[in-house]
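The structure appears right after this line, and notes come after that.
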Amino acid sequence: MEQVPLCPRFERAVEILSKRWISLIVFQLLSGPQRFVNIEQAIPNLSGKVLSERLKELELEGIVKRVVFPESPVRIEYSLTDKGRALAPILGEIAKWSSEWLPILK
162 MEQVPLCPRF ERAVEILSKR WISLIVFQLL SGPQRFVNIE QAIPNLSGKV
212 LSERLKELEL EGIVKRVVFP ESPVRIEYSL TDKGRALAPI LGEIAKWSSE
262 WLPILK
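Residue numbering for the sequence shown follows the numbering used here, beginning at 162 and increasing consecutively.
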């Protein structure tokens, strides 16, 4: 097979998605908007501090949108942007591949 030079965009995409917890957070948000605590509870071993950092990174990348509802108490929800939702088929294929080829580690 002919070796094709890597595109800088491809490298950047892999860099973003391979950062610890990022793919799991995006995968979790594929089911719809969620509050911080719901995301935190859904992903075992992910600390609140790291979740907060990753959500900010995803927001800066334009993958996640943070919406503040001016209620009392204030409610904040995180959801995927169009850019974030476009990752659904990619993450779906990774999930399919992992189910077929990777053993469950205990």
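We put the CB at the ideal spot given by N, CA and C, even for glycine. Since the model is a prediction, treat every value here as computed from it, not as a measurement.
Just tell me which of 187, 237 and 177 has its CA closest to the CA of residue 197.
As a first step, residue 197 is located in the sequence shown; it is residue number 36 there, counting from the start. Measuring from the Cα of residue 197, the nearest candidate turns out to be 237.
Pair within 8 Å by beta-carbon distance, residue 224 and residue 187
On the sequence shown, position 63 is the one that residue 224 refers to. On the sequence shown, position 26 is the one that residue 187 refers to. Their beta carbons are under 8 Å apart, which means residue 224 touches residue 187 by this criterion.
My understanding is that residue 194 touches residue 240, with C-beta atoms under 8 Å, so please give their C-beta distance in whole angstroms.
In the sequence shown, counting from the first residue as 1, residue 194 sits at position 33. In the sequence shown, counting from the first residue as 1, residue 240 sits at position 79. Indeed, because the Cβ distance is near 4 Å, the residues count as touching under 8 Å.
Is residue 235 closer than 8 Å to residue 229 when the C-beta atoms are compared?
Counting from 1 along the sequence shown, the entry for residue 229 is found at position 68. Counting from 1 along the sequence shown, the entry for residue 235 is found at position 74. In contact: residue 229 and residue 235 (Cβ atoms closer than 8 Å).
When the Cα of residue 219 is compared with those of 204, 245 and 252, which residue comes out closest?
Within the sequence shown, numbered from 1, the residue matching residue 219 stands at position 58. Answer by Cα proximity: 245.
Start-to-end residues for the alpha helix (DSSP H) that takes in residue 252
Within the sequence shown, the letter at position 91 stands for residue 252. Per DSSP, residue 252 belongs to the alpha helix (DSSP H) from 249–262.
Quick check on residue 215 - is its C-beta less than 8 Å from some C-beta in chain D?
Within the model displayed, chain D is absent; a lone protein chain is all it includes.
If contact is defined by three or more beta carbon pairs under 8 Å, each pair taking one atom from either stretch, is the region 167–174 in contact with the region 207–219?
no
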